[in-house]
Structures are given as structure tokens and as C-alpha cells.
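All remarks here apply to the structure that follows.
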Amino acid sequence: MEKKRKLFSIIVVVCVFVFVLKLYFISPVIIMDDSMYPTLKNEEIALITKRGKLRNFDIVVSSTLDKKRKNIVKRIIGLPGDTIKIHNDRLSINGNVRKESYLTSNKDAFDKFKKECPDIEAFQVGTASHRRTYTENLELTVPKNKYFVLGDNRMVSSDSRTYDFIDRSSIQGKVWVSFWPRFQLFSDDH
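Numbering follows UniProt numbering, in which position 169 of the sequence shown is assigned residue number 169; successive positions increment by one, without gaps.
Written as C-alpha cells, this is what we have:
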């Protein structure tokens with residue numbers, strides 16, 4: 001009887017510990033689309049941390065503000081008060097041009113497609129009517145308590161170009177580590 005009580009006590013302590021850990025510190029997430037490819041891939045499993053200051057280029061999990069209220073994983077481009085300019089897919093934040101080495105190269109994908117399908121002379125790229133799939137020219141200032149987020153795979157990402165700004169209260173945490181099927185630690189050095 002004493003062994004059962006001890007085992008039960010251990011189980012309760014572990015459950016409380018896991019609950020507190022998940023509620024206040026870290027939480028697992030499954031990436032459910034390719035909008036952050038190649039940084040994070042579809043069905044990749046990661047942990048988010050619920051602590052720490054949010055900074056430009058952090059990858060965060062947030063709920064959308066539309067009726068679906070689904071979770072999205074995106075990169076913070078603009079913090080409250082930042083002036084964001086994107087001209088011909090070149091990003092500047094507060095007047096400083098920023099290199100986005102994490103972006104997928106759609107030109108490389110198109111060149112590969114042309115090489116594999118040489119009989120195709122031309123095709124028209126369609127865009128979804130409800131969102132911009134590329135960013136030619138954009139200029140905005142991020143309001144107080146809001147964040148401007150974009151996916152790394154800009155051609156397929158629904159992000160602040162679709163959902164508008166993200167409220168601070170809807171951000172659940174920032175991606176800390178991806179651990180399946182590959183291990184990748186996300187540092188605070190951007």
C-alpha cells in the first residue's frame with residue numbers, strides 16, 4: 001500500500017511539474033505548413049519558449065485574428081514603432097537594409113523547373129485573390145503592441161500581408177529549438 005501511495009505521489013508531482021512547465025515556460029508545437037520553409041519544414045516538431053524579449057527576426061507562434069483562430073508560425077519582421085519598407089523584395093527596417101539569408105530562392109526553383117521541363121516555353125503565375133504572394137512595394141509603421149510577421153517562404157505564406165498586424169497578446173512564444181526530424185537550435189543572435 002505504501003508503494004502505491006509513493007508511486008501516486010510521484011505521478012502527481014511529475015504531472016504538476018509538466019503542467020507548470022507547459023503553462024509558463026515551454027510548449028511543443030508541430031509545424032503545419034510550408035510557410036517557414038526551409039527554416040522550418042511541414043510536420044517538424046519544435047519547442048517554444050514563453051520567456052524573453054521579442055526581437056526582429058525571432059520566429060514566433062501566434063494565433064490569427066480571423067474567425068478561424070488557427071496557430072501560425074512566422075518570423076517577426078517589425079516590432080512596435082518600426083518603419084518597414086519592402087521594395088522589390090528588399091527589406092529595410094528603420095532605414096537599415098537587412099539581408100534575409102533565410103529566404104527561399106523562388107528563382108532557383110523556377111530555373112530548376114525550366115531545366116526539368118524544357119518543352120514548356122512560358123506559363124503564367126497566378127496569385128490567390130485574398131493575399132499578396134510576393135512583396136513588390138510596401139511601406140508601413142508598426143502600431144503600438146503590434147508586430148509585423150512574414151513567413152520565410154513568401155510565395156506560399158499567409159502572414160501580416162494577409163492577416164494584418166499580430167497583437168502582442170496573441171503571441172504564444174518564440175521558437176527555441178526544433179528537434180524532429182532534425183535538430184536545430186534557434187539562438188538570439190540574428
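All C-beta atoms, glycine included, are put in the ideal place defined by N, C-alpha and C. Here the structure is a predicted model, which is why all the values come from computation and not from measurement.
>> Quick check on this structure: which residue in W176, D33, F165 has the alpha carbon closest to the alpha carbon of N145?
In response: As a first step, residue 145 must be located in the sequence shown, where it is residue number 145. Relative to N145, the option among W176, D33, F165 whose CA is nearest is F165.
> From what residue to what residue does the alpha helix (DSSP H) around R161 run?
Replying inline: Position 161 of the sequence shown, counted from the start, is the residue given in the question as residue 161. That run of the alpha helix (DSSP H) goes 160-163.
>> Quick check on DSSP: helix, strand or coil for V61?
In response: Reading the sequence shown from its first residue, position 61 is the one you call residue 61. Three-state DSSP puts V61 in a strand.
>> For W180, list the residues DSSP reports as bridge partners.
In response: Indexing the sequence shown from 1 puts residue 180 at position 180. Under DSSP, the beta-bridge partners assigned to W180 are I45.
> In or out: W180 buried (at least 16 other Cβ within 10 Å) or exposed?
Replying inline: Walking along the sequence shown from the start, residue 180 turns up at place 180. W180 is exposed by the Cβ-count criterion.
> Touching or not, the segment 27-38 and the segment 151-161, by the rule of three or more beta carbon pairs under 8 Å?
Replying inline: Touching, yes.
> How many angstroms separate the CA atom of V177 from the CA atom of D58?
Replying inline: To locate residue 177, count along the sequence shown from 1; it is residue 177. To locate residue 58, count along the sequence shown from 1; it is residue 58. Our two residues, V177 and D58, have alpha carbons roughly 12 Å apart in a direct line.
> Looking only at its own chain, which residues have a Cβ that is under 7 Å from the Cβ of K6, when we skip the five neighbours before and after it?
Replying inline: As a first step, residue 6 must be located in the sequence shown, where it is residue number 6. There are no such residues.
>> I'd like the list of long-range same chain contacts for V175, defined as Cβ closer than 6 Å, with 5 residues on each side in sequence excluded.
In response: Counted from its first residue, the sequence shown places residue 175 at position 175. Correct list, in chain order: A46, I48, I59, F186.
>> Comparing C-alpha positions only, which one of S170, F183, I93, S9 sits nearest to S63?
In response: For this step, residue 63 is matched to residue 63 along the sequence shown. Sorting S170, F183, I93, S9 by C-alpha distance to the C-alpha of S63 places S170 at the top.
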